[in-house]
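Colleague: Just so we're aligned, residue 44 is where the sequence shown starts under my numbering, counting upward by one.
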Amino acid sequence: MKNRRLELAKRTFLRDKGMWLALAFLLFIVAIAVGIGFTDADPNALNLQKMCAPPDSENLFGTDELGRDYLTRVIYGARVSLLVGVLAMLASVTIGVLVGLVAGYFGGVVDSILMRIVDVFCAIPWIIMVTVVGLLFQKGLASIVIVIGCFGWMEISRLVRTETMTAKNREFVHYAELIGVPKWKIILLHILPSIFPVIITAATGAIANAIMVESAMSFLGFGVAAPQSSWGTLLKTAQMGQVGIRSLLDTGMGADLRQTLESQLREYDTIETEAHALAGQRGWELTDL
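#1: Can you give me the C-alpha to C-alpha distance between CYS193 and ILE171, rounded to a whole angstrom?
#2: Considering Cα atoms alone, identify which of ALA88, GLY110, ASP85 and PRO86 is closest to PRO97.
#3: Using the C-alpha atoms, what's the distance from GLU214 back to TRP169?
#4: What's the call for ARG24, buried or exposed, on a 16-neighbour Cβ count within 10 Å?
#5: Nearest by alpha-carbon distance to GLY264: which of ILE187, LEU133, LEU69 and ALA219 is it?
#6: Let me make sure I understand the geometry here. Which of MET208, ILE234 and GLU206 has the alpha-carbon closest to that of ALA219?
#7: Between which two residues does the alpha helix (DSSP H) carrying ASN252 extend?
#8: Can you tell me whether DSSP reads ASP162 as helix, strand or coil?
#9: Does DSSP classify ASP85 as helix, strand or coil?
#10: According to the Cβ coordinates, are GLU257 and VAL127 closer than 7 Å?
#11: Report yes if the CB atom of MET197 is closer than 7 Å to the CB atom of VAL161, and no otherwise.
#12: Is SER272 near GLY266, with beta carbons less than 7 Å apart?
#13: Could you tell me the alpha carbon to alpha carbon distance between LEU156 and VAL163, rounded to whole angstroms?
#14: Please determine, among ARG159, SER124 and ALA259, the residue with the shortest C-alpha to C-alpha distance to VAL73.
#15: Please classify ASP107: does DSSP put it in a helix, a strand, or coil?
#16: Is DSSP giving ASP112 helix, strand or coil here?
#17: Between the alpha carbons of ASP99 and ASN87, how many angstroms are there, rounded?
Quick look at the structure:
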């Protein structure tokens, strides 16, 4: 059975072009985060003579308000964001799988208590929980991973609970219980492997969710401490108007776009002026164009 499932998964993967594209994009992002062949520059190196400089051959993404190379900071920020995503995923999956297995297998009062706890956590907006708890910890990667891991396991526990309730009614589980196999062995050796695909799927989603939460925390000022950068802190810097739009408008593409828009506005103003002048000569009344 395992070989048949493996062969089926392999054939599906080889035939799915979308999966190949997704894998290639993921490997590309990881390669950028690792920085293979891209840059060995210091992301915190200051250059006060090139503050908020537009993109050029030396700084492909331009520089920030302190003259630091923005491309280098994006690459190092990707490392931080991906590291937080993976570690927070491991924490949330561990908690969620443990709670889901126990609630789904034992049921009854245990299931009711654990699910009510899950409902309480789900009833509170995650951004409020993460922000309040983040205030209690010192800024850093460890605190971000702990906060996200402790508040990102609820959906995983529900998925695992549902699959566990289905798996425990299968024949091989009943047979294991009949011959006296300990419950913890049944959970770890029989039920857990049968729901492993669901766990893998939930884990991939947990990584993306952790990266988004980390970006939100950094954007709100509760993320990594300066001068360390992440995608969230870079977004916060761009939102403050220190980089981004101004650098884009200073590039050739931005200059052309701005020139086109300004010429169209001038043409519209000319047409409007001529129309009002003609209407005044002939005694017409025009509404505002």
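Virtual Cβ for every residue (Gly too), placed ideally from N, Cα, C.
Given the structure is predicted, the values throughout are model-derived calculations rather than measurements.
Modeller: Once the coordinates are examined:
#1: Position 150 of the sequence shown, counted from the start, is the residue given in the question as residue 193. Position 128 of the sequence shown, counted from the start, is the residue given in the question as residue 171. Each residue's Cα considered, the two are about 13 Å apart.
#2: The sequence position of residue 97 within the sequence shown is 54, counting from 1. Comparing Cα-Cα distances from PRO97 to each of ALA88, GLY110, ASP85 and PRO86, the minimum goes to GLY110.
#3: Sequence index remark: in the sequence shown, residue 169 carries index 126 (1-based). Sequence index remark: in the sequence shown, residue 214 carries index 171 (1-based). When the Cα atoms are used, TRP169 and GLU214 turn out to be separated by approximately 39 Å.
#4: Any question about residue 24 goes unanswered here, given that the chain covers just 44 to 332.
#5: As a position in the sequence shown, residue 264 is number 221, starting the count at 1. Cα-wise, what sits closest to GLY264 is ILE187.
#6: Position 176 of the sequence shown holds residue 219. For the residues MET208, ILE234 and GLU206, the minimum Cα distance to ALA219 belongs to ILE234.
#7: Mapped onto the sequence shown, residue 252 falls at position 209. Per DSSP, ASN252 is one residue of the alpha helix (DSSP H) stretching across 239-263.
#8: Taking the sequence shown and counting its residues from 1, one reaches residue 162 at position 119. In this structure, ASP162 counts as helix in the three-state DSSP scheme.
#9: Here residue 85 refers to the residue found at position 42 of the sequence shown. In the displayed model, ASP85 falls within coil according to three-state DSSP, outside both helix and strand.
#10: Taking the sequence shown and counting its residues from 1, the one referred to as residue 257 is at position 214. Taking the sequence shown and counting its residues from 1, the one referred to as residue 127 is at position 84. A distance below 7 Å separates the beta carbons of GLU257 and VAL127.
#11: As a first step, residue 197 must be located in the sequence shown, where it is residue number 154. As a first step, residue 161 must be located in the sequence shown, where it is residue number 118. In contact: MET197 and VAL161 (Cβ atoms closer than 7 Å).
#12: Against the sequence shown, residue 272 aligns to sequence position 229. Against the sequence shown, residue 266 aligns to sequence position 223. In this structure, GLY266 does not lie closer than 7 Å to SER272 by Cβ.
#13: On the sequence shown, residue 156 is found 113 positions in, with the first residue counted as 1. On the sequence shown, residue 163 is found 120 positions in, with the first residue counted as 1. Note on identity: in this sequence residue 156 is Ile, with Leu being the wrong assignment. Across the structure, ILE156 and VAL163 are spaced so that their CA atoms are roughly 11 Å apart.
#14: Here the question's residue 73 lines up with position 30 in the sequence shown. Among ARG159, SER124 and ALA259, the Cα nearest to that of VAL73 belongs to SER124.
#15: In the sequence shown, residue 107 corresponds to position 64, counting from 1. Coil.
#16: Locating residue 112 in the sequence shown gives position 69, counting from the first residue. In the displayed model, ASP112 falls within a strand according to three-state DSSP.
#17: Within the sequence shown, the letter at position 56 stands for residue 99. Within the sequence shown, the letter at position 44 stands for residue 87. Taking the straight line joining both Cα atoms gives about 19 Å.
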